[in-house]
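Structure record follows, encoded as structure tokens.
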Amino acid sequence: MGRKADLRDRLTTVRERTRWLLDRVPDEFLRRRVHDFYSPIGWHFGHVGRTEEYWVVGEALKRPLLDDELSFLFADLVENPKDNRVNIPDRAGIIEYLERTRRRVLDALDECELECEDPYLADGYAWEFAIQHECQHQETIAEMLQLIHKQLPSAVIEAVPWQTDLRSEMVDIPGGTFCMGTDDRHVYDNEKEPHEVSVASFRIGRTPVTAFEWTQFMDDGGYRRPELWSEAGWAWRDAEQAEAPEYWVRQGDAWAYIGPFGARSIHPDEPASSLSWFEAEAYARWAGKRLPTEEEWEYVASHGQIDPAEACHGLASWGPTPVGRRRPNPLGLHDLSGNVWEWTSTPFLTYPGFAAFPYDGYSKDHMKGAHRVCRGGSWATAAPILRRTFRNWYVPTYRQGFLGVRLAE
């Protein structure tokens, strides 16, 4: 398959998943803001169309965009605040906009020469950027579907007694030197440039922390013991009155989880998820351990290749799966890819040689020390961004994502 045919095929595959998600959004929530952090969920669908047209047609080909009014409404601009984004079209209007912008993007692909020096056109960079950007918004949309289901009446989940033989286990990791980051043309700017990093010997969890293990923290008063929390973390817990991970709901003797597609029972061996960084930090202190650094995480992930077929990803399972059931990497670690994002202790900062591209707003504007890096992808992360160098980041209070933790010491 030629390069253009490959890009066209992948653009189509990603869009099919986006449309599948759109079909699952109730009409009454399409243009409603369900959380201060987010735009209306319908905005995200139009935004992926606007973004691919902007970079492919606008920036690469230097041509005007299709519709000035909709281009503005679906843009992520300071001049277009989230409260204004409720003025987007209805479902039919969003679909029409996606189809019109996609035709222009595919026509541009047919027209352009990809063997060139132009930074947007060379080897299809602008189209690759569009694919990865849409994949990221698919996960955001899944997060928002959780918020929507949290506001809908929950089904009663039948109590299922928890039985598990899985026990936490730490793996000894010998120190070493490795190349962190990448110079791949198609990755995001914050993953560059490759640089040598030395890591001292340490120990890391064979799997992410499980739901059963998290209930032990709760049963031991973890959410009510200020000595386990940083000052900022306790202030957050106190303000939120957090007593369990976000989306966990006690129903009788069982814990239910409100997911993007409705409530379900929690398997004791699935990874604990919907955790803020503050919660992850408190749990680690309770367990007598710590969060891994970003360098340690990528070091262990650099052993072996990431095979999406061996990861819980891409919305395929409709939720996380029990840990430790997929093939481990050469160090014996499970679930480094997919299932849940894993918080690290590291602030989101630049690598040596960092240069913002294609714009400052994606990475550079967030590299001020306020965000913490999480790695590995989740069950909702699509294959195009399921790679060991991909860096995700959130503020320590954020717990609406599919976020878990793996311990280190």
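Per full-length UniProt numbering, residue 1 is the first one in the sequence shown, and the count goes up by one each step.
Quick reminder that beta carbons are idealized off the backbone N, C-alpha and C, glycines included.
* CA-to-CA distance, D83 to W20, given in whole angstroms -> 26 angstroms
* To do: Let me know if Q146 comes out buried or exposed under the rule of 16 or more other beta-carbons within 10 Å of its beta-carbon.
  => buried
* To do: Tell me whether G93 sits in a helix, a strand or coil according to DSSP, three-state version.
  => helix
* For D123 and D36, the rounded distance between their alpha carbons -> 38 angstroms
* Given a threshold of 16 other Cβ atoms within 10 Å of its Cβ, counted over all protein chains shown, does P81 qualify as buried or as exposed? -> exposed
* Can you tell me the Cα-Cα spacing of S274 and G401, whole angstroms? -> 6 angstroms
* Taking the alpha-carbon positions, what's the V340 to F212 distance? -> 15 angstroms
* From Y362 to D110, what does the alpha carbon distance come to, in whole angstroms? -> 28 angstroms
* Asked: Which whole-angstrom value is the C-beta distance of residue 451 and R387, which I expect to be below 8 angstroms?
  -> In this structure the chain extends from 1 to 409, so residue 451 is not present and cannot be described.
* Mind pulling the beta strand (DSSP E) runs of 3 or more residues that sit fully within the UniProt domain "Sulfatase-modifying factor enzyme-like" (315 to 408)? -> 341 to 347, 372 to 375 and 392 to 394
* Do you know whose CA, among G314, E246, L106 and L291, lies nearest F202's CA? -> L291
* Asked: Applying the criterion that 16 or more other CB atoms from any shown protein chain within 10 Å of the CB defines a buried residue, is H334 buried or exposed?
  -> buried
* Of all the options V34, R10, L349 and E79, which has the alpha carbon lying nearest to the alpha carbon of K192? -> L349
* To do: For the beta strand (DSSP E) containing V199, list its first residue and its last residue.
  => H195 to V199
* Which ranges would you report for the beta strand (DSSP E) in the stretch 128 to 196 if only whole runs of at least 3 residues count? -> 170 to 173 and 176 to 180
* To do: Express the C-alpha separation of D238 and R285 in angstroms, rounding to a whole number.
  => 18 angstroms
* First through last residue of the alpha helix (DSSP H) which encompasses G233 -> E231 to E240
* Asked: If we ignore side chains and look at the alpha-carbon of each, how far apart do G181 and G221 end up?
  -> 39 angstroms
* With a Cβ-Cβ cutoff of 7 angstroms, do P384 and Q132 count as a contact? -> yes
* To do: Quick one: which unbroken alpha helix (DSSP H) runs of 4-plus residues sit fully inside the UniProt domain "DinB-like" (11 to 141)? Chain order, please.
  => 41 to 53, 68 to 73 and 91 to 111
* Asked: Less than 7 angstroms separating the beta-carbons of M144 and I41?
  -> yes
* Distance between beta carbons of P271 and P320, contact taken as under 8 angstroms -> 5 angstroms
* To do: Could you tell me whether the Cβ atoms of A60 and Y120 are closer together than 7 angstroms?
  => yes
* **Helix, strand or coil at residue 420 according to DSSP, with G and I counted as helix** => Coverage of the chain is limited to positions 1 through 409, which leaves residue 420 absent and any answer about it impossible.
* Which of the three DSSP states, helix, strand or coil, is assigned to F202? -> strand
* **DSSP beta-bridge partners of I258** => A263
* To do: In the DSSP assignment, find the unbroken alpha helix (DSSP H) run with V209 in it and report its ends.
  => Looking at the DSSP string, V209 is not in any alpha helix (DSSP H), and its letter there is neither H nor E.
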